[in-house]
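Numbering (this note's numbering), first residue to last: 3 to 68. Note that the Cβ used here is the ideal one computed from N, Cα and C, for glycine as well. Predicted model, so just to flag it, every value in this text is computed and none were measured. Here the structure is laid out as structure tokens; the discussion comes afterwards.
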């Protein structure tokens, strides 16, 4: 599990990998300032470009690699 408890900013991006099949990416935002965020989870397999797999306007979103 990775946790980031730094100062609040308007945009954030993080890349993880490689990960195995069954890996669950879960994003949770605790304190919201100035509106509900849109969370996007992008996945890339091997040398392929990243593809959007989950998007949600909420405090949390998740996606499991299949």
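_Nearest residue (CA-CA) to residue 18, options 60, 47, 62, 39_ = What you label residue 18 is simply residue 16 of the chain shown in a count that begins at 1. Comparing Cα positions, the closest option is 47.
*In three-state terms, what does DSSP make of residue 69?*
In the structure displayed, the chain extends from 3 to 68; residue 69 sits before or after that span and is not available.
*Closest by CA to residue 29, which one among 37, 36, 42, 55?*
For the purposes of this step, residue 29 is taken as the residue at position 27 of the chain shown. The residue with the shortest Cα to Cα distance from residue 29 is 42.
*asked:* According to DSSP, residue 28 sits in a beta bridge with which residue or residues?
replied: Here residue 28 refers to the residue found at position 26 of the chain shown. Beta-bridge pairing links residue 28 to 64.
_Let's test the definition: count the other Cβ atoms within 10 Å of the Cβ of residue 63 and tell me whether it reaches 16, buried, or not, exposed._
Counted from its first residue, the chain shown places residue 63 at position 61. Using a 10 angstroms sphere on the CB of residue 63, the tally of other CB atoms reaches 16 or more, which defines it as buried.
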